[in-house]
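Here the structure comes first, spelled out in structure tokens, and everything after it is commentary.
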Amino acid sequence: MTTMNETATEVRHDSTWKRLETKRWGVLQYREEDLITFPFGLLGFEHLHRWALFVAEDHPPFQWMVSIDDPDVAFVVVDPLIICPDYAPKVSRRELEHLQVESLDDLRLLSIVTLGRTPEESTINLSGPLFINVKKKIGKQVVLLSSQYPTKFPILKKEQP
Numbered sequence: 020m021t022t023m024n025e026t027a028t029e030v031r032h033d034s035t036w037k038r039l040e041t042k043r044w045g046v047l048q049y050r051e052e053d054l055i056t057f058p059f060g061l062l063g064f065e066h067l068h069r070w071a072l073f074v075a076e077d078h079p080p081f082q083w084m085v086s087i088d089d090p091d092v093a094f095v096v097v098d099p100l101i102i103c104p105d106y107a108p109k110v111s112r113r114e115l116e117h118l119q120v121e122s123l124d125d126l127r128l129l130s131i132v133t134l135g136r137t138p139e140e141s142t143i144n145l146s147g148p149l150f151i152n153v154k155k156k157i158g159k160q161v162v163l164l165s166s167q168y169p170t171k172f173p174i175l176k177k178e179q180p
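Residue numbers for the sequence shown follow the numbering used here, beginning at 20 and rising by one.
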């Protein structure tokens, strides 16, 4: 995984690095072995299967998840446990079978961020988490059946009066 700033300023000439032309960032570089495959795509983007994560260097812990199949499609993602520490989505074994998970330690959890006009208006989607098998580089977006978690959970807690 590389950072957005690294890719913009440093051109790698090693043959293991591939170039991705984007309108937003110019040329990004990634390695094929770092790609995450979402066999079923994401909701609304079922036709996009290959994705790369890039660290948003100026905004940790956020990352950009950029589609290799259509570089103009990208999402800001974050580990939802950073925003909502008690987040514990319940997922069936059947849902995880597609990920070929051998150990729960192999799973990484991400949520898609919706950026608002201000940081206070920005939210994360807790009802459609992304599960990633970090060893096999396979991902799946799961729609939770429980209404316990909202699609628009505020990133920042509102100040109490």
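Idealized CB from N, CA, C, for every residue including glycine.
- When only Cα atoms are considered, residue 113 and residue 51 end up about 28 Å apart.
- Excluding residues up to 5 positions away in sequence, 90 and 91 lie with their Cβ nearer than 8 Å to the Cβ of residue 42 in the same chain.
- Note: residue 48 is bridge-paired with 38 in the DSSP secondary-structure output.
- DSSP, read as helix, strand or coil, puts residue 101 in helix.
- Classified as buried, residue 99 has 16 or more neighbouring CB atoms from the shown chains inside 10 Å of its CB.
- With 16 or more neighbouring CB atoms inside 10 Å of its own CB, residue 142 falls in the buried class.
- DSSP lists no beta-bridge partner residue for residue 113.
- Under DSSP, the beta-bridge partners assigned to residue 158 are 151.
- For residue 87, there is no enclosing beta strand (DSSP E), as DSSP gives it neither H nor E.
- The region 126–145 and the region 165–172 touch, with no fewer than 3 CB-CB distances between them shorter than 8 Å.
- Sequence-distant Cβ neighbours of residue 139 in its own chain, meaning closer than 6 Å and more than five residues away, are 175.
- Annotated as distal: residue 36 and residue 55, with beta-carbon spacing of 7 Å or more.
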